[in-house]
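Numbering (this note's numbering), first residue to last: 143 to 278.
All C-beta atoms in this analysis are idealised placements derived from N, C-alpha and C, irrespective of residue type, glycine included.
One structure below.
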Amino acid sequence: MVRELTPKQLEVIAEFIKVGKVEEACKQAGIAKSTYYEWLKIPEFQAKLKQQQEQVYESTVSSMKYLLSRAVETQEQLLNSENERVRLRVSSAIINNAVKIFELTNFNKRLQGVEKHLDEMEQLKELRKKLDEMRI
């Protein structure tokens with residue numbers, strides 16, 4: 143049976159999203175922390191909280207994409223600055239960021255390889271276990 147959330151439950155979720163701390167959210171909503179943790183056991187409460195968190199995350203990512211685009215445009219403009227120090231600092235920042243991107247990309251590829259290897263090892267363990275069971 144799907145339960146509808148109470149106004150208090152919706153309020154504490156909104157407060158938590160706003161302040162990011164359970165204790166402060168409970169205080170603002172006028173409920174005990176223990177009540178909040180009890181509500182966390184309710185699937186509908188969990189789902190609503192997760193939905194609200196994902197909306198905030200998506201909104202933040204959108205804002206960051208916009209700001210990143212503006213920052214890159216600014217760096218492009220500053221590369222043409224009359225001031226040699228400005229051009230040097232911008233060039234250095236761009237190179238440093240490119241190196242970080244390369245390192246993260248390389249790390250990610252290596253991590254994927256390790257994860258694949260671990261999955262293969264887990265599959266082998268399961269096969270060995272089945273073979274051992276068949277021998278018994």
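Classification of ALA213 by the beta-carbon crowding that lies within 10 angstroms, buried from 16 upward: The residue in question, ALA213, is exposed, as its Cβ has fewer than 16 Cβ neighbours within 10 Å.
Buried versus exposed call for VAL241 [16 or more other C-beta atoms within 10 Å across all chains shown]: If you draw a 10 Å sphere on the C-beta of VAL241, you find fewer than 16 other C-beta atoms in it, and that means exposed.
Nonlocal neighbours in the same chain, by C-beta distance under 8 Å from ARG277, ignoring five residues either side: Result list for ARG277: empty, nothing under 8 Å.
Inter-stretch contact at 8 Å, needing at least 3 Cβ pairs: the stretch 174-190 / the stretch 200-218: The answer is no - the stretch 200-218 does not touch the stretch 174-190, with fewer than three Cβ pairs under 8 Å.
Neighbourhood of LYS150 by C-beta distance below 8 Å, restricted to the same chain and skipping five residues each side: Contacts found: ALA171, GLY172, ILE173.
CB contact flag (SER223, ARG231, <7 Å): ARG231 is positioned such that its CB atom lies no closer than 7 Å to that of SER223.
Which of helix, strand or coil DSSP assigns to ILE173: Reduced to three states, the DSSP call for ILE173 is coil.
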